[in-house]
Each structure stands twice: as C-alpha cells, then as structure tokens.
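Under the working numbering, the sequence shown has 137 at position 136, and the numbering climbs by one with no breaks. Written below as structure tokens is the structure these notes are about.
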Amino acid sequence: MSGLEIERKFLVCGDSYRRQAYASKHIKQGYICSARGRTVRVRTCGDCAYLTIKGPSTDDGLSRYEFEKEITPEEADHLFQLCEPGVIDKTRYLVRSGEHTIEVDEFHGDNEGLVVAEVELRSPDELFTPPAFLAGEVTGDRRYYNSQLSRHPFRQWER
C-alpha cells in the first residue's frame, strides 16, 4: 500500500475504548531512520510484519506520503537489528465510529501511561463522529509521533 496518509490524532481519556473495541493486537516497532521528514519503520503486528517508509508531514501534521510493504516476520527480526535505540511496544484497539475506524494505541514499556487515538480520513476536511473517549487533539504535535516516542519516551516527559 502506498499513497497519501491523512489522519488526525487525539489523546484518550478513560478506558471505555477497550469495551468498544471489536479487535486488538500487539505491535512492536523500531526505526531504521527517524530523521525529521523521513522515517523508515519495521513493525510486527500479530503474525504479520511490515516495512514502512514515510515522507515529511505537511505543516499542520495532517498528511504525508506513506509506502508500506508486507515482509516476513523473519525479515522483520533481521531488520530490528538495524534499528535505532528505542522500541515502541503497544496494544492497538480498533473501535468503529460511524463509517470510520478509530485506532487506539495503549503504550507499554517506556511509554506506559500514554494512550492516543488516530482516525484516517479520505480528505483533510472530512468529518467523522468522535467517540466520547477522545480528548484533546494532538495532530501535528511531533512529541506524539511514534518515531519521537522511541527517542523521547513519555515516561521522561516533564509534567
């Protein structure tokens, strides 16, 4: 899959998303390159694995080019050896909201305590029905990018 990715990101309050989820899966991901404007990511998701390349985000952080290719779990294991320090470990919950699927990521390890949700859109101005568990929008806030969380984990943030 490749093309323009358009998504909005939100903080999550409470844990009602768990009861509303129709599926969940464990995700582990690392970054071969997490430079600003270009990322190369390796991800395992259940029994599947992917290599993903993302281009620079637009100024508002709403969209960017994404190329993704499925690889074997064995290939992912080899590529994890090339990754920068800092692994993202999370559980992703899938929640239906009208015509959209909300992806809720509950982080573990060094990012324990952080829960964010994303919704992919077909256009930047597309409307969606936000579920009650969505809190403040953080679209475009680079601190919440997974590539940033791998280098500057949530547990190290000053509160």
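The C-beta atom is built at its ideal place from N, Cα and C for all residues, glycine as well.
Item to check | For ASP106, the first and last residue of its enclosing beta strand (DSSP E) | outcome: By one-based count along the sequence shown, residue 106 stands at place 105. From DSSP, the beta strand (DSSP E) with ASP106 extends over 101-108.
Checklist entry - Since ASN147 contacts ILE89 with CB under 8 Å, what's their CB separation in whole angstroms? => result One-based indexing of the sequence shown puts residue 147 at position 146. One-based indexing of the sequence shown puts residue 89 at position 88. That pair is a contact at about 5 Å.
Item to check | Opposing strand residues paired with SER151 [DSSP bridges] | outcome: Numbered from its first residue, the sequence shown carries residue 151 at position 150. Paired residue(s): none; SER151 is not in a bridge.
Checklist entry - Does DSSP put GLN30 in a helix, in a strand, or in coil? => result Along the sequence shown, one-based indexing puts residue 30 at 29. GLN30: strand per DSSP, three-state reduction.
Checklist entry - For TYR94, which three-state DSSP category applies? => result By 1-based counting over the sequence shown, the position of residue 94 is 93. The answer is strand: DSSP assigns TYR94 an E or B state.
Checklist entry - What are the boundary residues of the alpha helix (DSSP H) that includes TYR66? => result Here the question's residue 66 lines up with position 65 in the sequence shown. Per DSSP, TYR66 belongs to no alpha helix (DSSP H); it is in the beta strand (DSSP E), 64-72.
Item to check | Given ARG39 as reference, the closest of HIS101, GLU67, GLU76 and VAL117 once Cα atoms are compared | outcome: The count along the sequence shown starts at 1 and reaches residue 39 at position 38. Ranking HIS101, GLU67, GLU76 and VAL117 by Cα distance to ARG39 puts GLU67 first.
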